[in-house]
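Chemist:
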Amino acid sequence: MMDRRGFSKAGLGFLGASLVPPFRFARAADAVPAHGLSMYGDLHYPPGFTHFDYVNPDAPKGGNLVLSAVGTTFDTLNPFVLRGVPAAGVGLVYQTLAENSQDEPFAEYGLVAETIATPDDRSFVEYRLRENARWHDGRPITVDDVVFSLDILRSKGAPLYRVYYADVDRAEKIDEQRVRFLFKGGFNRELPLIMGQLPVLPAHWWQDRDFETPSLEPPLGSGPYRVDRVESGRSVSYALVEDWWAEDVPVMKGRYNYGRIRYDYYRDANIAFEAFKAGAFDWQVESSAQRWVTGYDIPAVRQGLLIKEEIKRDSGGVMQGFWFNQRRDQFKDRRVREALGYAFDFEWANRTLFYDQYTRCNSYFSGSSVFAATGLPEGAELALLEPYRDQLPPELFTQEFTLPVTDGSGNNRPQLRRALELLKEAGWEVRDRRMVEVATGKPLQFELLLDSPLFERIAGPFVKNLERLGIAASVRTVDSAQYQNRVTAFDYDVIAEIIGQSLSPGNEQREYWGSQAAVQQGSRNYAGISDPVVDAMIEKVIYANSREELETACRAMDRVLLWGYHLIPHWYSMYDRLARWDKFGRPEQMPRYSIDLFSWWIENQRATKVEQAKSELPAD
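Counting from 0, one number per residue, gives the positions in the sequence shown under numbering that gives the first Met the number 0.
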């Protein structure tokens, strides 16, 4: 899943301070340079491979790709600082030391770097840069640029980088082509790969510029595209770089085939959808089940000009829901959070609003068969949890975690009765039809903050059920910029958000659920979770020595999080609902873990046919 600023999990994960003692670094001679590096096991692609399996190495270049961005505006082309709202797609300008393979759980191959070397204990990693790596101004990418990138992100970048790279002791220039990252703390298999996702920035370009100030000046990068045109608040365009130095690098071969990419901004998703049906942009991953079922009965679909397709993909799982901000007093009691969950009638919503297209999220890794906790803890998982038994709810060890289930009729009175029981246990009671705290007389009330009108039809019935409990909840929908500012500052009671997981969970778990992230503005610890047991389980995930240990640790962490009732879980689907105008060619083989739009291309004859037909389509 992509972060709000357009970077992958590995590129914007978080790393907290290590909880294990330092150890002696391995010798440099113990690290053998290789073309790639895997989290666990062997690499899929051998030395000398020429391209990924899921690309067409002979794909034609050219044509225009138009995409949508939902939000009122953007005000910066610098995605690395907290201030400002970055333009969609600006990550296309930059490159990293290595590139993820999208048909392996977590493996990287050299991009700006030609080789990667790390010892068995992974106490450091060494990258050798490609001699032909160039910035768009023609100057070579240097080791000094790499060292500068780490230093500037940690000192002046968004606060997340200081947490993310906390276990990196320093970057060291070995010679003109080699850079070494030295780590502190214990054995962390992910750190060498995390450094492969370091965005490399040009030291000479930033020398006389203020890194921390939002700016719409087109930045200098080394990626496949450069900023071509900016219409503030309306659109941003990127042009393919001519004679791009990395075009034939194996991880880039057959990718980034569009001559120009433009992102047009729309105030909300409904307006964007109407524009899409009219042919204003080319591609849409549909987020609305209702629209998918009812909104595409239009002439363009019936004539085969606009194609609907459901694409199944593997993932590490996902959790979406209404997140309680536990920095607020009314949500500090676990029983209150559990009680509020009984007011959300998923079965009714799925039948009435979603056409039974979704499955309830029942794990922080919903959809994963290996990371999601099931049944009761046993074996190695129980051994991880046993030392913390006194700090965990007793039922965690004796009951399988389940969510409330209704009959889908819309009458969830039994669930609301259970909510009242829990609230009474937590010290709340109904007075004059209002739920108040017995000790203080304060009413139980909160605001549900949204950034899209699409969620209002889901929030409305939830609020109605809360009213039946005497709880005063309101819904407020704001524009994307205001929403982002409030979420960054933790200025909300409840928000609707989604967190997707990678196939190799690791350091980013500190950013999602760790105590340090709970007080770090701009983090994705939306709920403000600050729990020493969760912190301990996160460390077990990060320092797992094998895939088996990783899966066990994830299940243990998942179980602890579930019993904390930090959110009201929503729903998920294992399919991406993709709608597109029929102007694309795509490789015969799709990547296992994503769609990878950038390995597709424009078929000129089909694009011409579509454009001609658009003007002749009858109104829907």
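The C-beta atom is built at its ideal place from N, Cα and C for all residues, glycine as well.
Just so you know, these numbers come straight off a predicted model, no measurement behind them.
Taking DSSP as the reference, what is the three-state secondary structure of F13?
Modeler: In the sequence shown, counting from the first residue as 1, residue 13 sits at position 14. Note that F13 has pLDDT 24, beneath the 50 cutoff, so the model's placement of it is unreliable and no number is given.
Chemist: Identify which residue in G137, V437, I260, A471 has its Cα closest to the Cα of K423.
Modeler: Counting from 1 along the sequence shown, the entry for residue 423 is found at position 424. Out of G137, V437, I260, A471, V437 has the C-alpha closest to the C-alpha of K423.
Chemist: Within 10 Å of its beta-carbon, does S314 have 16 or more other beta-carbons around it, so buried, or fewer, so exposed?
Modeler: On the sequence shown, position 315 is the one that residue 314 refers to. So S314 counts as buried.
Chemist: Looking only at its own chain, which residues have a Cβ that is under 6 angstroms from the Cβ of V65, when we skip the five neighbours before and after it?
Modeler: Against the sequence shown, residue 65 aligns to sequence position 66. Same-chain partners within the cutoff: R261, F280, D281.
Chemist: Beta carbon of H50: closer than 6 angstroms to some heavy atom of the ligand FMN?
Modeler: Ligands in the displayed structure: none, and consequently the ligand FMN is not present.
Chemist: Just curious, the beta strand (DSSP E) that W282 is in, first and last residue?
Modeler: For the purposes of this step, residue 282 is identified with residue 283 of the sequence shown, where counting begins at 1. Unbroken beta strand (DSSP E) run through W282: 282 to 284.
Chemist: In chain order, which continuous runs of the alpha helix (DSSP H) of length 4 or greater are located wholly inside the region 530 to 575?
Modeler: DSSP runs (the alpha helix (DSSP H)) wholly in the region 530 to 575: 531 to 541, 546 to 561.
Chemist: Contact defined as beta carbons within less than 8 angstroms: I believe P198 pairs with S236. What is the distance between those atoms, to the nearest angstrom?
Modeler: In the sequence shown, the residue the question calls residue 198 occupies position 199. In the sequence shown, the residue the question calls residue 236 occupies position 237. Actually they are not in contact, since the Cβ atoms of P198 and S236 sit about 21 angstroms apart, beyond 8 angstroms.
Chemist: Suppose contacts are defined by Cβ-Cβ distances below 7 angstroms. Is A338 in contact with A271 by that definition?
Modeler: Locating residue 338 in the sequence shown gives position 339, where the first residue counts as 1. Locating residue 271 in the sequence shown gives position 272, where the first residue counts as 1. It is not a contact, given that the beta carbons lie outside the stated cut-off.
Chemist: Name the one or two DSSP bridge partners that E167 has.
Modeler: Along the sequence shown, read from residue 1 onward, the residue named residue 167 stands at position 168. The question names Glu, yet the displayed sequence has Val at residue 167. The partner list for V167 (beta bridge, DSSP) reads F182.
Chemist: Take the Cβ of V609 as the centre, count every other Cβ of all protein chains shown within 10 Å, and call the residue buried at 16 or more, exposed below.
Modeler: As a working mapping, residue 609 is identified with position 610 in the sequence shown. Buried is the call here.
Chemist: By a C-beta neighbour count over all protein chains shown, 10 Å radius and 16 as the cutoff for buried, is T141 buried or exposed?
Modeler: Numbered from 1 along the sequence shown, position 142 holds the residue referred to as residue 141. T141 comes out buried.
Chemist: Within a Cβ cutoff of 6 angstroms, which residues of the same chain sit near N55, ignoring the five residues on either side of it in sequence?
Modeler: Position 56 of the sequence shown, counting from 1, holds the residue named residue 55. Excluding sequence neighbours, N55 sits near G253, P586.
Chemist: In this structure, how does DSSP classify N99 when only helix, strand and coil are distinguished?
Modeler: Residue mapping note: residue 99 aligns to position 100 of the sequence shown, counting from 1. N99 falls in the strand class under three-state DSSP.
Chemist: Here's the rule: buried if 16 or more other CB atoms are within 10 angstroms of the residue's CB, otherwise exposed. What is R456?
Modeler: Counted from its first residue, the sequence shown places residue 456 at position 457. Exposed: under 16 other Cβ atoms inside 10 Å.
Chemist: Below 6 angstroms CB to CB, which residues in the same chain sit around Y620 once its five sequence neighbours on both sides are set aside?
Modeler: In the structure as shown, the chain starts at 0 and stops at 619, and residue 620 therefore has no counterpart that could be examined.
Chemist: Return helix, strand or coil for N410, following the three-state DSSP convention.
Modeler: Taking the sequence shown and counting its residues from 1, the one referred to as residue 410 is at position 411. Reduced to three states, the DSSP call for N410 is coil.
Chemist: Using a C-beta cutoff of 7 angstroms, does V518 count as contacting chain C?
Modeler: Of the protein chains in this structure there is only one, and it is not chain C.
Chemist: Quick one: residues in its chain with C-beta nearer than 7 angstroms to the C-beta of V248, no 5 flanking neighbours on either side, listed in chain order?
Modeler: Translated into positions along the sequence shown, residue 248 becomes position 249. Hits under 7 angstroms: L110.
Chemist: Return the CA-CA distance between Y571 and D355, expressed in angstroms with no decimal places.
Modeler: Looking up residue 571 in the sequence shown gives position 572. Looking up residue 355 in the sequence shown gives position 356. The alpha-carbon atoms of Y571 and D355 are separated by roughly 11 angstroms.
Chemist: For my contact list, P223 and L91 are in at a C-beta cut-off of 8 angstroms; report their separation, rounded to the angstrom.
Modeler: One-based indexing of the sequence shown puts residue 223 at position 224. One-based indexing of the sequence shown puts residue 91 at position 92. Between L91 and P223 the Cβ distance is about 6 angstroms, and since that is below 8 angstroms, they are a contact.
Chemist: Since T71 is in the beta strand (DSSP E), which residue starts that stretch and which ends it?
Modeler: What you label residue 71 is simply residue 72 of the sequence shown in a count that begins at 1. Run containing T71: none; DSSP gives neither H nor E here.
Chemist: Please classify I601: is it buried, with 16 or more other beta-carbons within 10 angstroms of its beta-carbon, or exposed?
Modeler: Residue mapping note: residue 601 aligns to position 602 of the sequence shown, counting from 1. Buried, because 16 or more other Cβ atoms sit within 10 Å of the Cβ of I601.
Chemist: From the DSSP output, read off the bridge partner residues of Q325.
Modeler: Stepping through the sequence shown from its first residue, residue 325 is reached at position 326. None; Q325 has no bridge partner.
Chemist: Restricting to Cα atoms, I'd like to know which of V229, S67, I115, K276 is closest to W580.
Modeler: The sequence position of residue 580 within the sequence shown is 581, counting from 1. Closest by alpha carbon: K276.
Chemist: Could you check which residue in V31, Y39, G35 has the C-alpha nearest to that of R546?
Modeler: Indexing the sequence shown from 1 puts residue 546 at position 547. Closest option to R546, Cα to Cα, is Y39.
Chemist: Can you have a look at Y491 and say buried or exposed, based on whether 16 or more other CB atoms are within 10 angstroms of its CB?
Modeler: Taking the first residue of the sequence shown as position 1, residue 491 is located at position 492. Buried, since its Cβ has 16 or more Cβ neighbours within 10 Å.
Chemist: At which residues does the alpha helix (DSSP H) containing A58 begin and terminate?
Modeler: As a first step, residue 58 is located in the sequence shown; it is residue number 59 there, counting from the start. Note, A58: premise wrong, no alpha helix (DSSP H); not H, not E.
Chemist: Tell me, which residues are paired with M251 by DSSP?
Modeler: Residue mapping note: residue 251 aligns to position 252 of the sequence shown, counting from 1. M251 is not bridged to any residue.
Chemist: Note the first and the last residue of the continuous alpha helix (DSSP H) segment covering K276.
Modeler: Here residue 276 refers to the residue found at position 277 when the sequence shown is read from its first residue. Residues 268 to 276.
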